[in-house]
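Q: Here this note's numbering is used: the first residue of the sequence shown is 11, the next is one more, and so on.
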Amino acid sequence: MTDATPLDLRHLRAFLAVAEQGSANRAGAALFRAQSAVSRSIHKLERELGVPLFERKARGMLLTEYGRALVVRGRRVDEELQRARAELGALLEKGSVPNAAVFAMLTHERRVRAFVALAEQRHMPSVAERLGITQPAVSLGIRQMEEAIGAPLFDRTARGMIPTAAGGALALRLKRAMAEIRHAAADIDALRGITRGTVTVGALPLGRTRLLPESIAAAIARFPGLRVATVEGPFEALAAALRAGELDFILGALRPAEFASDLQGEPLAEDELAVFARGTHPWAKRRRITAQDLARARWVLPRARTPNRMLFERAMAQRGLPPPVVVVETSDLAVLRGILLNTDLLTAISPRQVDYERAEGLLSRLPFPLPDTRRTIGITRRSDSVSSPGAKTLMEEIARRSSEGRV
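If you want it as structure tokens, here you go:
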């Protein structure tokens, strides 16, 4: 089974009922399904996963180690669906939404994918093209979901399909449930000694020059079946994707707890800004740079109110200096490098981000320390997440390199 082939939720629901009841007969009664139908679901699930989930005993059906692993993910799927039901009930002031209505959504995978894609892209033709289905099919699927819930999930506007509060809440929970389903097969593979699947990492600037690439290289060398995808962007966008289950973790500068109370950070190393210029800059050979020198310099820096920019501006202010004269705003390393190499502009950046440029003599660190710009680099995860085996492997490689000072 692969990441692209999630488990059939009807079979998963039957599995959880048998795990709880201890027999297919009692599970059938609890689900209002025939015992034979429940048994077929279990057999299909075992065939898809390639492992036995139960030991059939005279006294009932007992979970195997594979079954126990699947129970963990299955219950987390169920928790997300129950939260969706409660949140929709509160938002719609209904008290509750029928459990079957929420559960039934995940049994129609294409419909769920269309709904989630529309909540993200807000443009029905784009969603239809992306999924390879017709626009009427997307529209019908959304209408059926709205009828099941009993409320609109989108506002139809000139700017596109905008999720309602209920639509946004439901999209988040369905994405998280789908992520748990994707991880289930990887958990079982790991028990068989196979680590594979896809790890998706949110990559902030401080981790992606050296630490992340070297860790990925080590992880895929150990486990050739592992696949890694990186997503770059500002912390706010990556944190939203992490909360939705679209990312396994974020690597980069940690944020204060008050900005991410539902996330947890694992510190790995300390970092601080430094002032850089091109290697042939008139100041590159100077042994001393003064605060007044920096005050009259012109700069290329990240956009206003980004962490790096705010740290540097605060450091300047603490020295009684005016705000830096910023000529170019960019966070793109390739653009930054090109600007510095072709001008006399300065920048303030982590030395880790320009390791290769320093080694080649392209950029030179100017002798003006900025110890008051220190930050912590680390891994950020959802506080309530259970990482996939592949994500654990990559995080272990990152932690090992950090402990060896290879950040």
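Ideal Cβ positions, reconstructed from N, Cα and C, are used throughout, including at glycine.
For clarity, every value in this text was computed on a predicted model and none was experimentally measured.
Going by DSSP, what residue range makes up the alpha helix (DSSP H) through V122?
A: It spans E119 to Q131 - the alpha helix (DSSP H) in which V122 sits, taken as one unbroken run.
Q: Can you tell me which of T208, Q363 and D382 puts its alpha carbon nearest to the alpha carbon of S374?
A: Taking only the C-alpha atoms, the option nearest S374 is Q363.
Q: Taking only three categories from DSSP, how would you classify S225?
A: DSSP places S225 in helix when its eight states are reduced to three.
Q: Should L26 and G84 be called a contact, given that it needs their Cβ atoms to be closer than 9 Å?
A: Against a cut-off of 9 Å, the Cβ pair of G84 and L26 comes out as a contact.
Q: Helix or strand or just coil, what does DSSP make of A267?
A: Three-state result, A267: helix.
Q: List in chain order: all unbroken alpha helix (DSSP H) runs of 4+ residues lying wholly within the stretch 151-232.
A: List check, alpha helix (DSSP H) in window: 175-201 and 221-232.
Q: Let me confirm a value: L59 is counted as buried when at least 16 other C-beta atoms fall within 10 Å, else exposed. Which label applies?
A: Label assigned to L59: buried.
Q: When you compare only the Cα positions, how much space is there between G330 and R232?
A: Looking at the two C-alpha atoms, the distance is approximately 52 Å.
Q: Can you give the Cα-Cα distance for A100 and I159, rounded to whole angstroms?
A: Their Cα atoms are separated by approximately 13 Å.
Q: How is the beta strand (DSSP E) around I422 delimited, first residue to last?
A: No statement about residue 422 is possible, as the shown extent of the chain runs from 11 to 417 and does not include it.
Q: Return the chain-ordered list of same chain residues with a C-beta closer than 7 Å to the C-beta of P317, the five sequence neighbours on each side being excluded.
A: Taken in chain order, the residues that qualify are A263.
Q: Taking the DSSP output, what are the residues bridged to F286?
A: Answer is T357 and R375, bridged to F286.
Q: State the beta-bridge partners of T309 as determined by DSSP.
A: Residue identity check: residue 309 is Trp in the sequence provided, not Thr. BP columns for W309 point to V336 and L356.
Q: With distances taken Cα to Cα, identify the nearest neighbour of M188 among I204, D342 and L257.
A: Nearest option by C-alpha distance: L257.
Q: Counting only the same chain and skipping the five closest in sequence on each side, list residues whose C-beta sits under 8 Å from that of F322.
A: So the qualifying residues of the chain are L283, L311, P334, A358, L380 and T383.
Q: Closest by CA to V209, which one among R169, K402 and P244?
A: Out of R169, K402 and P244, K402 has the C-alpha closest to the C-alpha of V209.
Q: Does the pairing of the stretch 203-223 with the stretch 386-401 give three or more beta-carbon distances under 8 Å?
A: Verdict: yes, contact present.
Q: Check whether the stretch 73-92 touches the stretch 163-179, counting contact only when three or more Cβ pairs, one atom from each stretch, lie closer than 8 Å.
A: Cβ pair count under 8 Å is below three, so no.
Q: What's the call for A24, buried or exposed, on a 16-neighbour Cβ count within 10 Å?
A: Burial call: buried.
Q: Give me, in chain order, the residues of the same chain whose beta-carbon lies closer than 6 Å to that of R186; leave out the 5 immediate sequence neighbours on both sides.
A: Around R186: E90 and G255.
Q: Could you pull out every residue in the same chain whose Cβ sits closer than 8 Å to the Cβ of A6, ignoring the five residues on either side in sequence?
A: No answer is possible for residue 6: it lies beyond the span of the chain, which begins at 11 and ends at 417.
Q: Fully enclosed by the stretch 43-96, which beta strand (DSSP E) runs are 3 residues long or longer?
A: Fully enclosed beta strand (DSSP E) runs of 3 or longer: 64-67 and 70-73.
Q: What residues in its chain sit with their C-beta under 7 Å from that of P1, if we drop five residues either side in the sequence?
A: Shown here, the chain extends from 11 to 417; a query on residue 1 therefore has no answer.
Q: Helix, strand or coil: which one does DSSP assign to P317?
A: Three-state DSSP puts P317 in a helix.
Q: Would you report the Cα separation of V418 and A34, rounded to the nearest angstrom?
A: This structure gives no information on residue 418, because the portion of the chain shown stretches from 11 to 417.
Q: Keeping to the same chain, check which residues put their C-beta closer than 8 Å to that of A294; ignore five residues upstream and five downstream.
A: If we look at A294 and ignore the five residues flanking it on each side, its Cβ neighbours are A287, R288, S374 and L376.
Q: Can you list, in chain order, the residues of its chain with a C-beta nearer than 7 Å to that of R140? Leave out the 5 residues immediately preceding and following it.
A: Counting only Cβ-Cβ distances below 7 Å, and skipping sequence neighbours, we find A127.
Q: Straight-line CA distance for V417 to A279?
A: Using only the alpha carbons, I get a separation of about 7 Å.
Q: Using the three-state DSSP reduction, which class does V241 fall into: helix, strand or coil?
A: Residue state, collapsed to three classes: strand.
Q: Check whether the Cβ atoms of R313 and T340 lie closer than 9 Å to each other.
A: In this structure, T340 lies closer than 9 Å to R313 by Cβ.
Q: Would the beta-carbon of I260 fall within 9 Å of that of L248?
A: Yes, the Cβ-Cβ distance between I260 and L248 is below 9 Å.
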